[in-house]
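A quick write-up on the structure given underneath.
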Amino acid sequence: MLRSDTQLHNAMRIVSGTVKSTPTEWLPVLTNILPPPLRRKEALLRSAIKAEKTKRSLLYQMLRNTPKYLTTEWHENWTLTDVKNSCLVSDPNKGVEGMDLLRDVWSVLNRIRTGHGRCSSMMSKWSLKDSSACDCGYNNQTVHHIVEECPKRRFNRGIEGIHTAGADPDQDNGGGDF
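For what it's worth, the numbering used here labels the leading residue of the sequence shown as 1109, then goes sequentially.
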């Protein structure tokens, strides 16, 4: 990975409110920014198009349709990824639900989507807690456990309901401070 990729990933973590352990595949999707390799291709193609003087050339005609090619490539790459909950986003080019919410709410939503937030399992992994157990008695409190299984905190509509960011407070019965 290039140093500029690392810097871009750090910036995307700040923008999306996600934590460092969030898989990097999620970062471009949550921020609606092309992944670094595709950004480099886009910059190269912009330069080639700018330098091309003859609009009738075959090269110019091929390069003119490149932005669509990049978004198609991003979509194909995303559908082939195996990161947790990637099924929540069918097209990364469209952005994710909730981008217009307050930043703290959107950050929590992104942490739930990616499965990387302040739960006992992660806090224990980060050496901030001694145990990964949930206070409901389950031995491993993950984001998935909180959202889908925990009798004290689960959301009635599960991860799909949370992802749509249109959850009705009367229908959901809990949640954590992620």
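All C-beta atoms in this analysis are idealised placements derived from N, C-alpha and C, irrespective of residue type, glycine included.
CB contact flag (residue i, residue j, <8 Å)
i, j, result
"Glu1256", "Ile1267", "yes"
"Glu1205", "Thr1139", "no"
"Ser1215", "Ser1228", "no"
"Leu1146", "His1117", "no"
"Trp1182", "Leu1142", "yes"
"Val1251", "Pro1200", "no"
Outcome for residue i when other beta-carbon atoms lying within 10 angstroms are tallied against a minimum of 16
i, result
"Gln1115", "exposed"
"Leu1298", "In the structure displayed, the chain extends from 1109 to 1286; residue 1298 sits before or after that span and is not available."
"Pro1259", "exposed"
"Arg1111", "exposed"
"Ile1254", "buried"
"Ser1081", "No information on residue 1081 is available, as it lies outside the stretch 1109 to 1286 that the chain covers here."
Opening and closing residue of the alpha helix (DSSP H) in which residue i lies
i, result
"Leu1135", "1134–1139"
"His1271", "1266–1271"
"Gln1115", "1111–1124"
"Ser1106", "Because the chain in this structure spans residues 1109 to 1286, residue 1106 falls outside the shown range and cannot be described."
"Leu1217", "1211–1222"
Euclidean distance between Cα positions of residue i and residue j
i, j, result
"Thr1126", "Arg1219", "6 Å"
"Pro1144", "Ala1151", "10 Å"
"Leu1196", "Arg1154", "32 Å"
"Glu1184", "Ser1198", "10 Å"
"Lys1202", "Thr1179", "10 Å"
"Asp1278", "Pro1131", "Below a pLDDT of 50, predicted positions are generally treated as unreliable, and Asp1278, at 46, falls in that range; the measurement from the model is reported next regardless. Each residue's Cα considered, the two are about 32 Å apart."
"Asp1243", "Val1213", "24 Å"
"Val1191", "Ile1157", "35 Å"
"Phe1263", "Ala1119", "30 Å"
"Lys1149", "Asp1113", "13 Å"
Heavy atom of the ligand ADP within 7 Å of residue i beta-carbon
i, result
"Glu1205", "Looking for the ligand ADP in the displayed structure turns up nothing, as the structure carries no ligands at all."
**OP:** Pair every Cβ in the region 1222–1229 with every Cβ in the region 1127–1135, then say whether three or more of these pairs are closer than 8 Å.
**Re:** yes
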